[in-house]
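S.K.: Going by our numbering, the sequence shown wraps up at 826, each residue one higher than the last. Structure provided below as structure tokens; questions to follow.
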Amino acid sequence: MSLVSILTTAEAQDFSDSYLTPPESISEEILAPNHRNVTLNTLSPDGEYIINPIRSGITPLSQFAKPHYNIAGLQIDKRANRSRSLTTQRATTGLELVNAQTGERRELSVPGNITVTNPQWSPDGSKIAWLGHTDDETHIYVTEVQSGNSRQITRRPLLATLSNSFDWTSDSRSIFTVLIPQSRGDEPVRPDTPTELIVRTTTDGENRLRTYQSLLEDRFEGELLEYYITGQLAKIDTQNRRARNIGSPAMIRNIDAAPSGDHVIVQSIRKPFSYIVPAYMFGWTEEIWDLDGESLVTLRTSDPNKGDPDEEYMEDKGRRDIKWRPDGEGLSLLVKPEDKDEDEEKEENRDDDDEEEESEEPEIADRVVQWLPPFGDDDQNVIYESEREMNSVAYSAEGDILFITERNSGKEELFAVYADDTEETYRIYRYDTDDFYKNPGNISYQNTSSGQWAVRLSEDESSVFLSGTEYFEDVEEDAPRPFIDRVEIESGETERIFQSSEDYYESVESILTSNADQIVIERESSDEYPNYWHVDLNSDERTQLTENQDYNETLAKAPRDRFKVKRADGIEFWMEVVMPPEWDGEPLPGFIWHYPREYDDQDDYNESIRRHNKNSYPRIAPRTADIMAKAGYAVLKPDWPIVGDRGTSNDNFVWSIVQNSTAVIDSSEAKGYVDRHRMAIGGHSYGAFGASNAMIHTSLFKAGIAGSGNYNRTLTPLGFQSERSDIWRGLDKYMQMSPIFWADRLDGALLMYHGEEDQNVGTWPTNSRRMFHALNGIGKTAALYRYPHEAHGPAAEETLLDMWTRWVEWLDTHVK
């Protein structure tokens, strides 16, 4: 297979349409086997083991090339009846269990030629279920933890196009999932001769929809979509592999099974389909089904979301935060009281001159409700009432303590309520949400015997735990420090039981015990690669669990600098510089890699960098711009602020581009990093938009690299990024910002690349084709590489190797 390459006048470079491979100094960074490192991310219910997915390297192009449909905003692997992402993501080929206290590893048995996703512990921790993918189909497998043996439990393949998950029952015996219907029939075939035309009419009112890709085109595509998203809900017995069909096949987008296994919340798409929005914005219905597939109650419904900001598409009957209770006793939900009708209002407000009202009952704004099977009107119990609207409710494992979050007037409060005495509330925290540095963290949860999440209580059930990160105002002096606080429920007394050290970033990955005194952290610093550690908070004893290493270490530890840049208009921003590992101190050709972001003013920008972590280790990925340092370039990675009053920052887009470019080059030259006469600029997506504008509105760059960009804002006439005005109210702005209207002013050689199946909003491949057509027509130096089967971001191994080959050759030719 070859890529599509189109070129103009730069003949010194290899413009072959075959896939190329860069020198080993570059390819070793792209292909570095970091997938060999251990990742601990799925803790067993008892806290003894953590799953490590055994991964392979970068996905080959052959996986991306498998036949698929782009339809209604979905990408469907039609051969395997699953989401294409399950086929193209980096493959997990096995599973390991890692002892959370010792780091001892034990590999589980996984059949060959299968990739693994979605590993999920059974509630009792004795088994792990996971999705196994072959070229043709997807099945559920179950691994016995004690023996390590795995077996397939589904006889029929899954339909994993919309819903690609599954749910355990609390007895750890059964699994709910969506299968391919038994009598599905053949895929619809488009007739040779059309039987209908394509019709579009405008909707009522203004409809400021985004420019979505791959929407339904006609009636046939609607039939095709229905075929690939209609599945059979089933309950699978993991011991005898029997599947019980539940109801008739439906276009199921999500399921949530009750711990008892007797009921399922089913959310399904309903017709009519829409031709103007993707499938995830279609109308839907959410119901509770019994095991016969009978709908016991409709929880919520939604009409197709057509983009009207004034339209209420969802009808929820005041129901929110709907979930199964962790104690297995029915459903929990928040419900606002129904509005009173006019007669009721008059009755309540009627004056009674003969009777003096002694007290006024507080008006109830919200309720926590328990809804028991069979979910009739008489099966609802009010657990707690509040005069203020609640945002969410969580429970202890036994359901006897409620933890309620309220947000009002910029304040957030979390308080506890005992179910047997709801008159008394106990504040866990209250803070001003605008006070970034006072965030108390998030309450800690643990898995329960029912398979549901519940708030973690200490062994004596007197305390809860908050986990968060403390930030500091001087980010260059003080790094973020993750923490765990113990909060006594009734007194509100808080004790910090863990905090990351000042010199390392130690993130809390897992809490192993009820008392939160045994934890797993990931520990790193600016020069120490991340590894996992077990920490005993009672003795402060630490045990290293992994020996992960950096396979890009030479580049990660190359000379680096971070400093502040000041524009002529006084705006200051930060930049990181990466020099080649063997840099001799002489100025080098420079390569700026950037992404424009809008800010109101200096304070707004300063707020955006509050999470900067000076103790973070430099990660190198296959598309990280740092790799260009191995080719002998100074890599400049500045923030790229576009500054203007709220809603008007793009009025200053070109000005900011010029100011940023000048300030970055001036400051880098002053520090001896770059030769300002040998500069290039690059970016991906909105960064491509910025790079082409920088080459048009300045004369600072010999070359540029622009990936998957938009070069013509008239193709997004209703807005883009954070731009509020449409093209008719902001015509001058749209024109000024669109590189294609100023292509004759391009100074330097521009390399563009684009994935042929880019599904991102606003960056259709036609942008690059038309921009190249313009540059070619007016005699500019440019090249365009169109990568088959790639989406918005290049991902296949062959594509990444080729892309870096072209980049290096392009800059060597036009900059060096």
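From the three backbone atoms N, C-alpha and C, an ideal C-beta is built for every residue, glycine too. Treat the numbers as computed from the prediction; the structure is a model and nothing was measured.
#1: State the Cα-Cα distance for the pair residue 682 and residue 642, rounded to the nearest angstrom.
#2: Under three-state DSSP, which class holds residue 444?
#3: Tell me the DSSP secondary structure of residue 644 in three-state form.
#4: Would you call residue 192 buried or exposed, if buried means 16 or more other Cβ atoms sit within 10 Å of its Cβ?
#5: Flag this pair as touching only if the segment 69 to 87 and the segment 658 to 678 have three or more C-beta atom pairs under 8 Å; answer yes or no.
#6: Take the Cβ of residue 28 as the centre, count every other Cβ of all protein chains shown within 10 Å, and call the residue buried at 16 or more, exposed below.
#7: Among the candidates 221, 259, 166 and 284, whose CA atom is the shortest distance from the CA of residue 210?
#8: Could you check the C-alpha separation between residue 743 and residue 117 for me, to the nearest Å?
#9: If you draw a straight line from the alpha carbon of residue 13 to that of residue 795, how long is it in whole angstroms?
#10: For residue 548, is the classification buried or exposed, using 16 other Cβ atoms within 10 angstroms of its Cβ as the cut-off for buried?
#11: Assign residue 366 to one of two classes, buried (16 or more other C-beta atoms within 10 Å of its C-beta) or exposed (fewer than that).
#12: Between which two residues does the alpha helix (DSSP H) harbouring residue 667 extend?
#13: Thinking C-alpha only, which one of 545, 176, 238 and 345 is nearest residue 195?
#14: Can you pull the DSSP bridge partners for residue 140?
#15: Select from 213, 555, 680 and 269 the residue whose C-alpha is nearest the C-alpha of residue 317.
#16: Within a Cβ cutoff of 7 Å, which residues of the same chain sit near residue 623, ignoring the five residues on either side of it in sequence?
#17: Cβ atoms of residue 97 and residue 120: under 9 Å apart, would you say?
#18: In whole angstroms, what separates the C-alpha of residue 507 from that of residue 496?
#19: Using DSSP with H/G/I as helix, E/B as strand and the rest coil, what is residue 605?
#20: Which stretch, first to last residue, makes up the beta strand (DSSP E) that contains residue 333?
#21: Exposed or buried, which one is residue 709 when buried takes at least 16 other CB atoms within 10 Å?
#22: How should residue 632 be labelled, buried or exposed, when 16 other C-beta atoms within 10 angstroms of its C-beta is the threshold for buried?
#23: Cutting at 7 Å between CB atoms, please list the residues of its own chain near residue 37, excluding the five before and the five after it.
#24: Taking a contact to mean a Cβ-Cβ separation below 9 Å, would you say residue 765 touches residue 721 in this structure?
#25: If you draw a straight line from the alpha carbon of residue 64 to that of residue 430, how long is it in whole angstroms?
#26: Would the segment 778 to 796 count as touching the segment 672 to 691 if we require 3 or more Cβ pairs under 8 Å?
#27: Within 10 Å of its beta-carbon, does residue 78 have 16 or more other beta-carbons around it, so buried, or fewer, so exposed?
#28: Would you mind sorting residue 712 into buried or exposed? The rule is 16 or more other CB atoms within 10 Å of its CB.
#29: For residue 394, which of 380, 718, 595 and 200 has the nearest alpha-carbon?
#30: Suppose you measure from the CA of residue 1 to the CA of residue 216; what does that come to, to the nearest Å?
#31: Verify whether the separation of the beta carbon atoms of residue 243 and residue 187 is less than 9 Å.
#32: Touch check for the segment 254 to 273 and the segment 199 to 206: three-plus C-beta pairs under 8 Å?
#33: Could you name the residues that DSSP lists as bridge partners for residue 241?
#34: Measuring straight from C-alpha to C-alpha, what distance separates residue 453 and residue 579?
M.R.: Working from what's here:
#1: Stepping through the sequence shown from its first residue, residue 682 is reached at position 672. Stepping through the sequence shown from its first residue, residue 642 is reached at position 632. Looking at the two C-alpha atoms, the distance is approximately 15 Å.
#2: What you label residue 444 is simply residue 434 of the sequence shown in a count that begins at 1. The answer is coil: DSSP assigns residue 444 none of H, G, I, E or B.
#3: Taking the sequence shown and counting its residues from 1, one reaches residue 644 at position 634. Correct three-state label for residue 644: strand.
#4: Your numbering for residue 192 matches position 182 in the sequence shown. Here residue 192 is exposed. Its C-beta has fewer than 16 other C-beta atoms within 10 Å.
#5: Segments in contact, no.
#6: In the sequence shown, residue 28 corresponds to position 18, counting from 1. Burial call: exposed.
#7: Start at 1 with the first residue of the sequence shown, and residue 210 comes out as number 200. It is 284 whose Cα lies nearest to the Cα of residue 210.
#8: Within the sequence shown, the letter at position 733 stands for residue 743. Within the sequence shown, the letter at position 107 stands for residue 117. Approximately 58 Å, taken between the alpha carbons.
#9: As a first step, residue 13 must be located in the sequence shown, where it is residue number 3. As a first step, residue 795 must be located in the sequence shown, where it is residue number 785. Rounded to the nearest angstrom, the two C-alpha atoms are 7 Å apart.
#10: Position 538 of the sequence shown, counted from the first residue, corresponds to residue 548. Exposed: under 16 other Cβ atoms inside 10 Å.
#11: Within the sequence shown, the letter at position 356 stands for residue 366. In this prediction, residue 366 has a pLDDT of 47, which is less than 50 and means its spatial position is unreliable; what the coordinates show is noted afterwards. By the beta-carbon neighbour count (other beta carbons within 10 angstroms, threshold 16), residue 366 is exposed.
#12: As a first step, residue 667 is located in the sequence shown; it is residue number 657 there, counting from the start. Taken as a continuous stretch (DSSP letters only), the alpha helix (DSSP H) holding residue 667 covers 663 to 680.
#13: Residue 195 sits at position 185 when you count from the first residue of the sequence shown. Cα-wise, what sits closest to residue 195 is 238.
#14: Within the sequence shown, residue 140 is the residue found at index 130, counting from 1. Residue 140 is bridged to 151.
#15: Walking along the sequence shown from the start, residue 317 turns up at place 307. If we check each option's Cα against that of residue 317, 213 comes out closest.
#16: The sequence position of residue 623 within the sequence shown is 613, counting from 1. Counting only Cβ-Cβ distances below 7 Å, and skipping sequence neighbours, we find 489, 490 and 515.
#17: Residue mapping note: residue 120 aligns to position 110 of the sequence shown, counting from 1. Residue mapping note: residue 97 aligns to position 87 of the sequence shown, counting from 1. No, these two residues do not count as a Cβ contact at 9 Å.
#18: Within the sequence shown, residue 507 is the residue found at index 497, counting from 1. Within the sequence shown, residue 496 is the residue found at index 486, counting from 1. If you take the alpha carbons of residue 507 and residue 496, they lie about 7 Å apart.
#19: In the sequence shown, counting from the first residue as 1, residue 605 sits at position 595. Residue 605: coil per DSSP, three-state reduction.
#20: In the sequence shown, counting from the first residue as 1, residue 333 sits at position 323. In this chain, the beta strand (DSSP E) harbouring residue 333 covers 329 to 334.
#21: The residue labelled residue 709 in the question sits at position 699 within the sequence shown. Exposed is the call here.
#22: Taking the sequence shown and counting its residues from 1, the one referred to as residue 632 is at position 622. Residue 632 is buried by the Cβ-count criterion.
#23: Residue 37 sits at position 27 when you count from the first residue of the sequence shown. Excluding sequence neighbours, residue 37 sits near 31 and 811.
#24: Position 755 of the sequence shown, counting from 1, holds the residue named residue 765. Position 711 of the sequence shown, counting from 1, holds the residue named residue 721. Cβ atoms of residue 765 and residue 721: not closer than 9 Å.
#25: Your numbering for residue 64 matches position 54 in the sequence shown. Your numbering for residue 430 matches position 420 in the sequence shown. The C-alpha of residue 430 is placed about 48 Å away from the C-alpha of residue 64.
#26: Contact between the segment 778 to 796 and the segment 672 to 691 is absent, with fewer than three C-beta pairs closer than 8 Å.
#27: On the sequence shown, residue 78 is found 68 positions in, with the first residue counted as 1. Residue 78 should be labelled buried.
#28: Looking up residue 712 in the sequence shown gives position 702. Buried: at least 16 other Cβ atoms inside 10 Å.
#29: In the sequence shown, the residue the question calls residue 394 occupies position 384. Closest by alpha carbon: 380.
#30: An answer regarding residue 1 cannot be provided, because it is not within the stretch 11 to 826 covered by the chain.
#31: Locating residue 243 in the sequence shown gives position 233, counting from the first residue. Locating residue 187 in the sequence shown gives position 177, counting from the first residue. Here residue 243 is near residue 187, since their CB atoms are less than 9 Å apart.
#32: Not touching, per the Cβ criterion.
#33: What you label residue 241 is simply residue 231 of the sequence shown in a count that begins at 1. When beta bridges are read from the DSSP output, residue 241 appears opposite 260.
#34: As a working note, residue 453 is residue 443 in the sequence shown. As a working note, residue 579 is residue 569 in the sequence shown. Here the alpha carbons of residue 579 and residue 453 stand approximately 44 Å from one another.
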